[in-house]
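Novice: Handing you this structure, nothing more for now.
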Amino acid sequence: MSHIDDGRTEPDVTDREAYFVGGGIASLAGAAFLVRDGGMPGENVHVLEKLDVMGGALDGAGSPEEGYVIRGGRMLNFPTYECTWDLLDSIPALEDEDRSIKAVMDEFNAEHETYAEARLMNSDQEILDVSSYGFEMEHRLSLLQLVLTPEEKLGDTRIEEWFSESFFDTTFWYLWATTFAFQPWHSAAELRRYLHRFMHEFPRLHTLEGVDRTKYNQYDSMVRPLRRWLEARGVQFEGGVEVTDLDIVPRREGKTVEAIHCDTDGGSETIAVEPEDLVFVTNGSMTDGSSLGSMTAAPDLNTTGASFQLWKSITEEHPEFGDPSVFADHVEETKWESFTVTLDEPDLLEHIVEVTQEEPGNGLVTYTESNWLLSTVVAAQPHFANQPDDVKVFWGYGLFPEAEGNHVEKKMEDCTGEEILEELCYHLGCLDRFEEFVDDANCIPCMMPFITGQFMPRTPGDRPDVVPDGSNNLAFLGQFAEVPRDVVFTVEYSVRSAMMATYELLDIDGEIPPVSDHEYEPDVLLDVGKAAFR
9 MSHIDDGRTE PDVTDREAYF VGGGIASLAG AAFLVRDGGM PGENVHVLEK LDVMGGALDG
69 AGSPEEGYVI RGGRMLNFPT YECTWDLLDS IPALEDEDRS IKAVMDEFNA EHETYAEARL
129 MNSDQEILDV SSYGFEMEHR LSLLQLVLTP EEKLGDTRIE EWFSESFFDT TFWYLWATTF
189 AFQPWHSAAE LRRYLHRFMH EFPRLHTLEG VDRTKYNQYD SMVRPLRRWL EARGVQFEGG
249 VEVTDLDIVP RREGKTVEAI HCDTDGGSET IAVEPEDLVF VTNGSMTDGS SLGSMTAAPD
309 LNTTGASFQL WKSITEEHPE FGDPSVFADH VEETKWESFT VTLDEPDLLE HIVEVTQEEP
369 GNGLVTYTES NWLLSTVVAA QPHFANQPDD VKVFWGYGLF PEAEGNHVEK KMEDCTGEEI
429 LEELCYHLGC LDRFEEFVDD ANCIPCMMPF ITGQFMPRTP GDRPDVVPDG SNNLAFLGQF
489 AEVPRDVVFT VEYSVRSAMM ATYELLDIDG EIPPVSDHEY EPDVLLDVGK AAFR
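So the sequence shown is numbered by the working numbering: it starts at 9 and just counts up by one.
Structure below.
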């Protein structure tokens, strides 16, 4: 059905322009779907991004000399990333244009199967037994009740309102919180969605066996080849463009975007949008406002971000497009800090491998007695396409950056990269070698004020529908649009939103892969029951 319902015939796709506000994976995927499935000429597709680099949260940058940076990494899961695999199976890989991104990933994961040996470790460097989740009967009943309660009845209930205090001391919660970045004050409705979507992973949460990874960081492995494919088809990428507002005009036949206002290096500009053109907005970004520190400086804590400011500008006149304040105005509850360590000598990485018994490319390690709740990930090396063999890289994060360290008497958010490295060495039991390690290391911290904003308690309507009712040419993409049944903080959520938006607005005749129903499979339910009573 056409979204231009004023008596005219549907315009030819070659006569329409498409504008993507934001250059994250949702916009890149949307551009690909328009070209691949909708037949839109690439030169008619425009991606507008404030930064000079595309990819959003799927980032990875740097050099051996300046140090590498990964703000974060999204874990992938084979059975539940239906739309993502549909996309990546059609895009040639960076390292081999005769194979798809998905094919290279499959080969890499077959060679680097995940099985966490040291998922949790204490500060005595003892690997903890996580085979039992440590549930009491009340915890099992609360989880079961949450799974069975319809989402609409949960409203803005927080997780901590649903469970007793003892639940947050269980092995399960340590595993869950550090795998998915949940906090007790986050949304019970979002937790419920995760329990449904990843129910098949519940029995093996302690080993992370269901986790798939890319060969390199996700920018090199996913964003670069996808952008190359799009550019080869003429898609226009415009960096240094901050969209500040939209002119959305209500008419009898619905609401239509007629202009895009933006700031560029050359000043303020307005892009005229015809009624038959399409506008896709990433309304909010979990990496918005990110700030990098260095070995000698802590990162800043920003409290505003351009994507949220745009969303707020839109909703001032059109409140039916959600409530950005629910997600963007609680920085103390949505922030955490990551860090990337570049090593000129492998000694520290070798010590981590020895202590954790985890080879590079295996599991996530969490240090349970860390006041910052530190975790580290040593990816398979090299983790960057331009990384020399004699340079090593690993990544980590702390979920409680406002806490004072166990060894370094400062809040994590106030620490330099060197101080974060010193605190990590304390938990790794190698403080006596810190001076040796620090000479060959570059630790770059990154503060992300909105990184878990999408988990904040919310009610229906706080997130706009991907294509709102009455919208003729506007769609919302990404983590802060409403995708029924799917889970935020995943690549799949962004890609699915893009597929939904492009297929509906362009009336693409094709099937969107449905959200999987693993939670209803008898063998899955049986395994979940066994795991809950281990």
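Beta carbons are placed, not taken as given, at the ideal position from N, Cα and C, and that holds for glycine.
Among PHE335, LEU485, LEU151, LYS419, which residue has its Cα nearest to the Cα of PHE6?
Specialist: With the chain represented from 9 up to 542, any question about residue 6 goes unanswered, as that position is not in the structure.
Novice: Would the region 254–270 count as touching the region 37–50 if we require 3 or more Cβ pairs under 8 Å?
Specialist: no
Novice: Which runs of the alpha helix (DSSP H), 4 residues or longer, sit entirely within the region 188–243?
Specialist: Scanning the region 188–243 for uninterrupted alpha helix (DSSP H) segments of 4 residues or longer gives 196–205, 232–240, listed from N- to C-terminal end.
Novice: Applying the 10 Å Cβ sphere with the 16-neighbour rule, what's the burial state of LYS343?
Specialist: The residue labelled residue 343 in the question sits at position 335 within the sequence shown. Buried, since its Cβ has 16 or more Cβ neighbours within 10 Å.
Novice: Could you tell me which residues DSSP pairs with GLU453 in its beta bridges?
Specialist: As a position in the sequence shown, residue 453 is number 445, starting the count at 1. In the sequence under discussion, the amino acid at residue 453 is Pro, which differs from the Glu named in the question. For PRO453, which the question treats as bridged, DSSP gives the partners PHE347.
Novice: In whole angstroms, give me the CA-to-CA distance for GLU168 and GLU500.
Specialist: In the sequence shown, residue 168 corresponds to position 160, counting from 1. In the sequence shown, residue 500 corresponds to position 492, counting from 1. Each residue's Cα considered, the two are about 27 Å apart.
Novice: Answer yes or no: do VAL361 and ILE33 have a C-beta to C-beta separation smaller than 9 Å?
Specialist: The residue labelled residue 361 in the question sits at position 353 within the sequence shown. The residue labelled residue 33 in the question sits at position 25 within the sequence shown. No. Outside cutoff.
Novice: Taking a contact to mean a Cβ-Cβ separation below 9 Å, would you say ARG107 touches GLU159 in this structure?
Specialist: One-based indexing of the sequence shown puts residue 107 at position 99. One-based indexing of the sequence shown puts residue 159 at position 151. The beta carbons of ARG107 and GLU159 sit no closer together than 9 Å.
Novice: With a Cβ-Cβ cutoff of 9 Å, do ARG471 and ALA483 count as a contact?
Specialist: As a working note, residue 471 is residue 463 in the sequence shown. As a working note, residue 483 is residue 475 in the sequence shown. Between ARG471 and ALA483, the CB-CB gap reaches or exceeds 9 Å.
Novice: Tell me which same chain residues have a C-beta within less than 6 Å of the C-beta of ALA126, skipping the five on either side of it?
Specialist: In the sequence shown, residue 126 corresponds to position 118, counting from 1. Closer than 6 Å at Cβ, skipping near neighbours: ILE135, THR364, GLN365, GLU366, VAL373.
Novice: Any beta-carbon of chain B closer than 9 Å to the one on PHE210?
Specialist: Among the chains of the structure shown, chain B does not appear; only one protein chain is present.
Novice: Of the choices ASP515, ILE268, ALA449, whose alpha-carbon is the least far from that of ILE604?
Specialist: The question about residue 604 has no answer, for the chain in this structure spans 9 to 542.
Novice: Please identify the residue among ILE99, ALA314, VAL249, ASP164 whose C-alpha is closest to the C-alpha of GLY469.
Specialist: Taking the sequence shown and counting its residues from 1, the one referred to as residue 469 is at position 461. Comparing Cα-Cα distances from GLY469 to each of ILE99, ALA314, VAL249, ASP164, the minimum goes to ASP164.
Novice: Using a Cβ-Cβ cut-off of 7 Å (strictly less than) and excluding sequence neighbours within five positions of ASP14, which residues of its own chain qualify?
Specialist: In the sequence shown, counting from the first residue as 1, residue 14 sits at position 6. Unreliable positioning characterises ASP14 in this predicted model, as indicated by a pLDDT of 43, which lies under 50. The coordinate reading is nonetheless provided below. Only GLU261 meet the Cβ criterion.
Novice: Alpha carbon to alpha carbon, how far is GLU431 from GLY406?
Specialist: Numbered from its first residue, the sequence shown carries residue 431 at position 423. Numbered from its first residue, the sequence shown carries residue 406 at position 398. The alpha-carbon atoms of GLU431 and GLY406 are separated by roughly 11 Å.
Novice: Would ASP94 be called buried (16 or more neighbouring beta carbons within 10 Å of its own) or exposed?
Specialist: The residue given as residue 94 occupies position 86 in the sequence shown. Counting Cβ neighbours within 10 Å, ASP94 comes out buried, since at least 16 surround it.
Novice: Any contact between the region 135–146 and the region 247–262? By contact I mean 3 or more CB pairs, one from each, below 8 Å.
Specialist: Flag = no, the region 135–146 and the region 247–262 do not touch.
Novice: Taking just the CA atoms, how far does SER315 sit from SER10?
Specialist: Your numbering for residue 10 matches position 2 in the sequence shown. Your numbering for residue 315 matches position 307 in the sequence shown. Unreliable positioning characterises SER10 in this predicted model, as indicated by a pLDDT of 35, which lies under 50. The coordinate reading is nonetheless provided below. Taking the straight line from one Cα to the other gives about 29 Å.
Novice: Identify whether ILE78 lies in helix, strand or coil by the three-state DSSP scheme.
Specialist: Taking the sequence shown and counting its residues from 1, one reaches residue 78 at position 70. In the three-state scheme derived from DSSP, where H, G and I count as helix and E and B as strand, ILE78 is classed as coil.
Novice: In this structure, how does DSSP classify LYS58 when only helix, strand and coil are distinguished?
Specialist: For the purposes of this step, residue 58 is taken as the residue at position 50 of the sequence shown. The answer is coil: DSSP assigns LYS58 none of H, G, I, E or B.
Novice: Applying the criterion that 16 or more other CB atoms from any shown protein chain within 10 Å of the CB defines a buried residue, is GLY292 buried or exposed?
Specialist: Start at 1 with the first residue of the sequence shown, and residue 292 comes out as number 284. GLY292 should be labelled buried.
Novice: My output table needs one value for VAL21: the three-state DSSP class, helix, strand or coil.
Specialist: Start at 1 with the first residue of the sequence shown, and residue 21 comes out as number 13. Residue state, collapsed to three classes: helix.
Novice: Does ASP14 come out as helix, strand or coil in the three-state DSSP assignment?
Specialist: Mapped onto the sequence shown, residue 14 falls at position 6. With a pLDDT of only 43 at ASP14, under the threshold of 50, the placement of this residue in the model should not be trusted, and no figure is reported.
Novice: Let me confirm a value: GLN226 is counted as buried when at least 16 other C-beta atoms fall within 10 Å, else exposed. Which label applies?
Specialist: Translated into the one-based positions of the sequence shown, residue 226 becomes position 218. Looking at its Cβ environment, which holds 16 or more other Cβ atoms inside 10 Å, GLN226 is buried.
Novice: Of the residues GLU119, GLU146, LEU439, SER505, which one's Cα is nearest the Cα of LYS223?
Specialist: In the sequence shown, counting from the first residue as 1, residue 223 sits at position 215. Per the Cα distances, GLU119.
Novice: Can you name the start and end residues of the beta strand (DSSP E) that PHE488 belongs to?
Specialist: Here the question's residue 488 lines up with position 480 in the sequence shown. PHE488 -> no beta strand (DSSP E), and no H or E assigned at all.
Novice: Please classify GLY275 as buried or exposed, where buried requires at least 16 neighbouring CB atoms within 10 angstroms.
Specialist: Numbered from its first residue, the sequence shown carries residue 275 at position 267. Result: exposed.
Novice: Out of TRP403, MET420, PRO522, GLY478, state which residue places its alpha-carbon closest to the alpha-carbon of GLY80.
Specialist: The residue you call residue 80 lines up with position 72 of the sequence shown. That would be TRP403, whose Cα lies nearest to the Cα of GLY80.
Novice: When we look at the beta-carbon of ARG259 and count the other beta-carbons within 10 Å, is it buried (16 or more) or exposed?
Specialist: On the sequence shown, position 251 is the one that residue 259 refers to. So ARG259 counts as exposed.
Novice: Measuring only from the beta carbon, is GLN462 closer than 8 Å to any heavy atom that is part of the ligand ATP?
Specialist: The model on display carries no ligand, and the ligand ATP is accordingly not part of it.
Novice: Where do the N-terminal and C-terminal ends of the beta strand (DSSP E) with VAL334 fall, by residue?
Specialist: Here residue 334 corresponds to residue number 326 of the sequence shown, with the count starting at 1. That residue, VAL334, is in no beta strand (DSSP E); its alpha helix (DSSP H) goes 333–336.
Novice: Report yes if the CB atom of ASP448 is closer than 9 Å to the CB atom of ASP355, and no otherwise.
Specialist: Along the sequence shown, one-based indexing puts residue 448 at 440. Along the sequence shown, one-based indexing puts residue 355 at 347. A contact, by the Cβ cut-off of 9 Å.
Novice: Within the same chain, show all residues whose beta-carbon is closer than 7 Å to that of VAL446, passing over the 5 residues directly before and after it, in chain order.
Specialist: By 1-based counting over the sequence shown, the position of residue 446 is 438. Closer than 7 Å at the Cβ level, and outside the excluded window around VAL446, lie GLU426, LEU429.
Novice: In the DSSP assignment, what are the bridge partners of PRO468?
Specialist: Locating residue 468 in the sequence shown gives position 460, where the first residue counts as 1. Bridge partners of PRO468: none, in fact.
Novice: When you compare each of SER505, THR290, TYR76, ALA506 to GLY301 by their alpha carbons, which one comes out closest?
Specialist: The count along the sequence shown starts at 1 and reaches residue 301 at position 293. Nearest option by C-alpha distance: TYR76.
Novice: Do three or more CB pairs link the region 504–511 to the region 182–189 at distances below 8 Å?
Specialist: no
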